[in-house]
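Asker:
Chains as they are written, first to last, in my numbering: chain S, 10 to 268; chain R, 137 to 202.
1. For the segment 27 to 47 of chain S against the segment 244 to 258 of chain S, are there 3 or more C-beta pairs whose distance is under 8 Å?
2. Is there at least one Cβ from chain S nearer than 8 Å to residue 142/R's Cβ?
3. Jot down the residue ranges of each uninterrupted alpha helix (DSSP H) in the segment 85 to 137 of chain S, minimum 4 residues, whole runs only, in chain order.
4. Which of the three DSSP states, helix, strand or coil, is assigned to residue 197/S?
5. Rounded to the nearest angstrom, what separates residue 265/S and residue 233/S at their Cα positions?
6. Evaluate the contact criterion for the segment 136 to 146 of chain S versus the segment 156 to 169 of chain S: three or more CB pairs, one atom per stretch, below 8 Å.
7. Residue 283/S: which of 47/S, 132/S and 80/S sits nearest, CA to CA?
8. Closer than 9 Å by beta-carbon distance: list the chain R residues that pair up with residue 88/S, in chain order.
9. What residues from the segment 234 to 252 of chain S come within 7 Å of chain R, judged by C-beta to C-beta, listed N to C?
10. Note the first and the last residue of the continuous alpha helix (DSSP H) segment covering residue 204/S.
11. Counting Cβ pairs closer than 8 Å, one from the segment 158 to 169 of chain R and one from the segment 100 to 119 of chain S, do we hit at least three?
12. Taking residue 184/R as the query, report the chain S residues whose CB atoms sit under 8 Å from its CB, ordered along the chain.
13. Which residues in chain S have a C-beta closer than 8 Å to the C-beta of residue 147/R? List them in chain order.
14. Is residue 197/S near residue 170/S, with beta carbons less than 8 Å apart?
15. Which first and last residues belong to the alpha helix (DSSP H) in which residue 153/S is found?
16. Which two residues bound the contiguous alpha helix (DSSP H) that contains residue 235/S?
17. Taking the DSSP output, what are the residues bridged to residue 189/S?
18. Return the residues of the segment 48 to 77 of chain S that lie within a Cβ-Cβ distance of less than 8 Å from chain R, sorted by chain order.
19. What in chain R is Cβ-close to residue 82/S, meaning under 9 Å?
20. Per DSSP, what are the beta-bridge partners of residue 213/S in this structure?
21. Which of the three DSSP states, helix, strand or coil, is assigned to residue 41/S?
22. On the criterion of 16 or more Cβ atoms from any shown chain inside 10 Å, does residue 4/S qualify as buried, or is it exposed?
Structure follows, in structure tokens:
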């Protein structure tokens with residue numbers, strides 16, 4: 010199967026890359042741009058913040074080719090549905106796109122989603138025509154509710170944001186995959202390339218990460234590693250792995266042994 | 137007149153519009169969104185939208201984030 014024929018479709022739009030990356034925490038805008046390039050990502054997340062009234066300050070978007078990337082504005086830092094909805098409306102006006110990564114956080118220590126507020130915000134945003142990609146708990150019930158509301162994807166966490174702990178509960182991700190039809194994208198928790206590959210091998214439609222790349226000792230190299238891991242994991246999933254067995258099964262024929 | 141811009145008070149001229157304010161601040165309208173007293177101001181109305189004393193204005197843009 011050619012990887013190029015295996016498109017990811019979200020909100021009616023087609024993407025070739027299944028790796029989505031954040032644009033925060035890099036040492037410089039130049040480094041951000043190079044890491045994005047190396048990751049092969051087509052969807053990149055951004056945050057919505059007050060403009061710095063100091064005009065000398067450069068902007069991230071000065072370094073990013075907007076023809077190449079689909080911006081996915083997030084609602085990071087929002088703790089209520091009202092704040093998240095307000096941020097999305099501003100994002101749509103600033104970016105002229107309906108795509109939003111909806112996150113409504115429960116507390117600062119865990120950055121776990123407040124699923125009650127998340128559902129409330131998702132309902133309003135879908136009704137207003139947004140293409141909503143919600144960051145949520147790895148909980149199939151919440152994911153099904155988000156799908157029923159009309160979200161374009163569900164994005165369960167693999168582990169806490171920025172923790173690098175990997176996919177802590179692959180069984181929950183599997184249950185979600187078996188019970189929703191919208192794309193399932195693991196968002197948050199990935200620490201290294203193998204984590205991304207595991208998410209893809211489970212059958213996820215994509216992986217979204219920021220810290221794992223931006224916080225690596227060499228973010229540019231890690232961006233490439235993540236690109237390859239997502240491709241490898243996807244191919245491995247599609248190829249169908251062998252069953253796990255407790256005992257050995259020889260690879261070489263037993264016939265014709267010398268003796 | 138006095139307005140609140142991004143949480144700070146700012147002295148601006150009478151008869152100012154959103155378009156003029158952005159111009160004074162050196163901000164290109166393409167990549168920002170403006171909120172006036174809690175409501176989004178559509179870009180096409182920046183020229184016409186007057187600003188009044190005590191208005192609360194937010195100007196936001198995209199920054200790096202995950």
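Where a beta carbon is used, it is the ideal one built from N, C-alpha and C, also for glycine. Keep in mind that this is a model prediction, so the values were computed, not measured.
Answerer: By the coordinates alone:
1. no
2. yes
3. 90 to 104 and 124 to 136
4. coil
5. 45 Å
6. yes
7. Absent from the structure is residue 283/S, since the part of chain S shown begins at 10 and ends at 268.
8. By Cβ distance, chain R contributes nothing, its closest Cβ being about 16 Å from residue 88/S, past 9 Å.
9. none
10. 202 to 210
11. yes
12. Residues of chain S passing the Cβ test: none, with the nearest at roughly 16 Å.
13. Those within 8 Å of residue 147/R in chain S number zero; the least Cβ separation is about 13 Å.
14. yes
15. 149 to 158
16. 228 to 248
17. For residue 189/S, which the question treats as bridged, DSSP gives no partner whatsoever.
18. 54, 55, 56, 57, 58, 59, 60, 62, 64, 68, 69 and 70
19. 198 and 201
20. Note: residue 213/S sits in no beta bridge, so no partner.
21. helix
22. For residue 4/S there is no data in the structure shown, the boundaries of chain S being 10 and 268.
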